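Counting with our numbering, you get residues 269 to 529 for the letters of the sequence shown. The structure appears below as structure tokens.
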Amino acid sequence: MTDTCPLIPPSPESAISRPILSLQGVHKSFGHTEVLRDISLDVQRGQVVVIIGPSGSGKSTLCRTMNRLERIDSGRIVFNDTDLPAEGKALAAMRSDIGMVFQSFNLFPHMSVLENIMLCPVRVRRETKARAEEHARELLAQVGLSEKADAYPPQLSGGQQQRVAIARGLAMRPEIMLFDEPTSALDPEMVREVLDVMRELADGGMTMIVVTHEMGFAKATADRIIFLDDGQIREDSPPQEFFTAPKSARAQDFLSRVLEH
């Protein structure tokens with residue numbers, strides 16, 4: 269046996285200085301309408317970054333550019349020190365490390381809950397069905413739906429379907445999770461059960477970027493609040509600072525409208 273040097277983990281300082289995801293000068297237009305304007309944003313590993321702002325400000329578009337579901341016109345998107353490719357197999361490979369939960373659940377109605385969660389690990393990660401099933405059942409327990417493994421999506425409530433969608437995203441063992449308004453399609457009484465699962469993920473150290481209108485979640489769970497307006501980042505602050513002393517007049521006006529209801 270040859271001698272080998274032990275692996276030395278990076279210092280906390282170097283880990284903090286190297287973001288897991290970085291957007292640099294990102295622009296995006298739909299026709300003549302510029303939706304994102306010079307967006308630059310670094311997300312550190314383990315952070316929960318919540319993106320808020322008025323309707324039409326570009327929040328969902330920004331979230332979707334982070335794994336190139338939306339193409340950008342210019343700028344860079346860097347994931348784990350590597351530029352995210354615009355397309356092709358290299359993009360698909362890197363995308364598998366970036367989980368995403370959408371506004372709509374996008375579950376296959378003809379497949380059971382367990383089959384929905386197992387599908388991508390088996391087809392993309394090439395996991396054995398036995399290993400994928402074991403992990404899927406662990407995830408269903410994590411989101412409080414162990415008893416629904418053999419049910420089909422149409423048999424579930426909206427909140428239950430979204431929790432399955434979260435489990436499906438986690439099944440790929442991603443390094444970061446993107447949430448694009450995950451509670452916007454839910455009845456009010458179902459919102460809490462989804463947010464509770466997301467809070468548990470945050471408490472467990474998952475890196476998360478969340479587009480949401482849920483201000484209570486943003487206050488309690490976020491490490492940073494990104495306030496987006498007219499396609500630009502107007503504020504990037506800790507939640508306590510943003511909600512008590514927003515710097516911009518636009519953020520002050522936004523909060524006065526959403527917090528009074």
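The beta-carbon is built from N, C-alpha and C at its ideal position, and this holds for glycine as well. If you're wondering where the values come from, they're calculated on a predicted model, not measured in any experiment.
Consult DSSP for residue 373 and reduce its assignment to one of helix, strand or coil. For the purposes of this step, residue 373 is taken as the residue at position 105 of the sequence shown. Correct three-state label for residue 373: coil.
Backbone CA spacing between residue 508 and residue 487 [nearest angstrom]: As a working note, residue 508 is residue 240 in the sequence shown. As a working note, residue 487 is residue 219 in the sequence shown. Between the alpha carbons of residue 508 and residue 487 lies a distance of about 7 Å.
Which same chain residues, not among the five before or five after residue 440, have their C-beta less than 8 Å away from its C-beta? In the sequence shown, counting from the first residue as 1, residue 440 sits at position 172. The residues are 364, 365, 367, 388, 389, 392, 393.
Which value, in whole angstroms, describes the spacing of the CA atoms of residue 432 and residue 371? Along the sequence shown, read from residue 1 onward, the residue named residue 432 stands at position 164. Along the sequence shown, read from residue 1 onward, the residue named residue 371 stands at position 103. Rounded to whole angstroms, residue 432 to residue 371 spans 13 Å at the Cα level.
Tell me the DSSP bridge mates of residue 289? Translated into positions along the sequence shown, residue 289 becomes position 21. BP columns for residue 289 point to 311, 347.
Residue interval of the beta strand (DSSP E) (run including residue 395): Within the sequence shown, the letter at position 127 stands for residue 395. Where residue 395 is concerned, there is no enclosing beta strand (DSSP E), given that its DSSP letter is neither H nor E.
Nearest to residue 319 by alpha carbon, out of 306, 357, 490, 525? Counting from one through the sequence shown, the residue named residue 319 turns up at place 51. Out of 306, 357, 490, 525, 490 has the C-alpha closest to the C-alpha of residue 319.
Below-8 Å beta-carbon distance, residue 287 vs any chain C residue: Checking the listed chains, one finds no chain C in this structure; it contains a single protein chain.
So what's residue 272 in DSSP terms, helix, strand or just coil? Taking the sequence shown and counting its residues from 1, one reaches residue 272 at position 4. Any reading at residue 272 is ruled out, since the residue's pLDDT is 40, under 50, leaving its predicted position unreliable.
For residue 334, I'd like the list of residues in its chain whose CB is within less than 8 Å of its CB, leaving aside the five on either flank, ordered along the chain. On the sequence shown, residue 334 is found 66 positions in, with the first residue counted as 1. Within the same chain, residue 334 has close Cβ partners 289, 291, 345, 366, 446, 477.
Is the separation between the beta-carbon of residue 449 and that of residue 463 shorter than 8 Å? Counting from one through the sequence shown, the residue named residue 449 turns up at place 181. Counting from one through the sequence shown, the residue named residue 463 turns up at place 195. Between residue 449 and residue 463, the C-beta spacing is not below 8 Å.
Skipping 5 residues on each side, what residues in its chain have a beta carbon closer than 7 Å to that of residue 287? Start at 1 with the first residue of the sequence shown, and residue 287 comes out as number 19. Within the same chain, and ignoring the five residues on either side of residue 287 in sequence, the residues whose Cβ sits closer than 7 Å to its Cβ are 310, 311, 312.
Report yes or no: do three or more beta-carbon pairs, one from the region 496 to 515 and one from the region 354 to 362, lie closer than 8 Å? With a cut-off of 8 Å, the region 354 to 362 and the region 496 to 515 do not count as touching, because too few Cβ pairs lie within range.
Output needed for residue 315: all residues of its chain with C-beta closer than 8 Å, excluding positions within five of it in sequence on either side, in chain order. Locating residue 315 in the sequence shown gives position 47, where the first residue counts as 1. Excluding residues within five positions, the ones whose Cβ falls inside 8 Å are 475, 476, 491, 492.
Between 510, 496, 518, which has its C-alpha nearest residue 331's C-alpha? Your numbering for residue 331 matches position 63 in the sequence shown. Measuring C-alpha to C-alpha distances from residue 331 to each of 510, 496, 518 identifies 496 as the nearest.
Residue 376: buried (16+ other C-beta within 10 angstroms of its C-beta) or exposed? Looking up residue 376 in the sequence shown gives position 108. By the neighbour-count rule (16 or more Cβ atoms within 10 Å), residue 376 is not buried but exposed.
By DSSP's criteria, residue 298 is part of a beta bridge. Which residues make up the other side? Looking up residue 298 in the sequence shown gives position 30. According to DSSP, residue 298 shares a beta bridge with 301.
Mapping DSSP to helix, strand and coil, what is residue 518? Along the sequence shown, read from residue 1 onward, the residue named residue 518 stands at position 250. Helix.
In chain order, what residues of the same chain have a beta carbon less than 8 Å from the beta carbon of residue 251, not counting five sequence neighbours either side? Past the edges of the chain, shown from 269 to 529, lies residue 251, and the structure says nothing about it.
Supposed contact pair residue 458 and residue 425 - C-beta distance, whole angstroms, cut 8 Å: In the sequence shown, the residue the question calls residue 425 occupies position 157. In the sequence shown, the residue the question calls residue 458 occupies position 190. Contact holds; Cβ gap of about 6 Å.
Please work out which residues of its chain come closer than 7 Å, Cβ to Cβ, to residue 308, disregarding the five sequence neighbours upstream and downstream, and give them in chain order. As a position in the sequence shown, residue 308 is number 40, starting the count at 1. Counting only residues of its own chain and dropping the five nearest sequence neighbours on each side, residue 308 has a CB closer than 7 Å to the CB of 291, 292, 293.
Residue 317 classed as buried or exposed, judged by whether at least 16 other C-beta atoms fall within 10 angstroms: Counting from 1 along the sequence shown, the entry for residue 317 is found at position 49. Note on residue 317: 16 or more other CB atoms within 10 angstroms of its CB, so buried under the neighbour-count rule.
Would you report the Cα separation of residue 403 and residue 386, rounded to the nearest angstrom? Here residue 403 refers to the residue found at position 135 of the sequence shown. Here residue 386 refers to the residue found at position 118 of the sequence shown. Going from the Cα of residue 403 to the Cα of residue 386 covers about 8 Å.
Could you name the residues that DSSP lists as bridge partners for residue 510? Taking the sequence shown and counting its residues from 1, the one referred to as residue 510 is at position 242. DSSP, once it has assigned bridges, lists no residue as partnering residue 510.
Where residue 484 sits in the DSSP three-state scheme: As a first step, residue 484 must be located in the sequence shown, where it is residue number 216. Residue 484: helix per DSSP, three-state reduction.
Round the Cβ separation of residue 409 and residue 382 to the nearest angstrom and send it over; I've been treating them as touching at under 8 Å. Locating residue 409 in the sequence shown gives position 141, where the first residue counts as 1. Locating residue 382 in the sequence shown gives position 114, where the first residue counts as 1. Contact flag wrong, Cβ pair sits at about 12 Å.
Beta-carbon separation of residue 454 and residue 427 under 8 Å? Taking the sequence shown and counting its residues from 1, one reaches residue 454 at position 186. Taking the sequence shown and counting its residues from 1, one reaches residue 427 at position 159. Cβ atoms of residue 454 and residue 427: closer than 8 Å.
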